[in-house]
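Notes follow once the structure below has been shown.
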Amino acid sequence: MGSAVCGLVLVLPQLVAVYFMFLAYMAHPAGPWDSETVAHSNFASGLVLVVSAVTALLTWLFVKATWLRKWWYAIPTALAIAALLRLTVFAPEI
């Protein structure tokens with residue numbers, strides 16, 4: 001029962017992070033005047049980094065208590081890498 005509750009506690013914010021990551025990657029400026037879209041993409045990516053950090057700490061807590069397995073670390077890690085890539089390499093250009 002504890003594993004199911006811990007999994008649910010981790011999956012819900014990670015689904016929100018996936019949604020914001022989707023929004024960040026789908027944001028494309030309409031032209032050189034559209035700096036607002038770039039700012040929104042950066043904000044969404046930053047929010048994903050924050051959620052990933054929080055879920056990584058919760059994952060550490062749940063794995064330490066042996067309620068979850070270590071593969072749960074992969075989800076916040078993948079989200080954080082995707083957010084960092086969007087902020088750096090794949091950043092929208094004005």
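Take the sequence shown: its position 75, counted from the start at 1, is 75 in our numbering, and no numbers get skipped. For every residue, glycine included, the Cβ atom is placed at its ideal position computed from N, Cα and C. All values reported here derive from a predicted model rather than from experimental measurement.
| Item | Value |
| --- | --- |
| Residue span of the alpha helix (DSSP H) that contains Val89, given as start and end | That residue, Val89, is in no alpha helix (DSSP H); it is neither H nor E in DSSP. |
| Range covered by the alpha helix (DSSP H) that runs through Val2 | According to the sequence shown, residue 2 is Gly rather than Val. Per DSSP, Gly2 belongs to the alpha helix (DSSP H) from 2-26. |
| Alpha carbon of Ile75 to alpha carbon of Ala56, nearest angstrom | 9 Å |
| Burial state of Leu10, where buried means 16 or more other Cβ atoms lie within 10 Å | buried |
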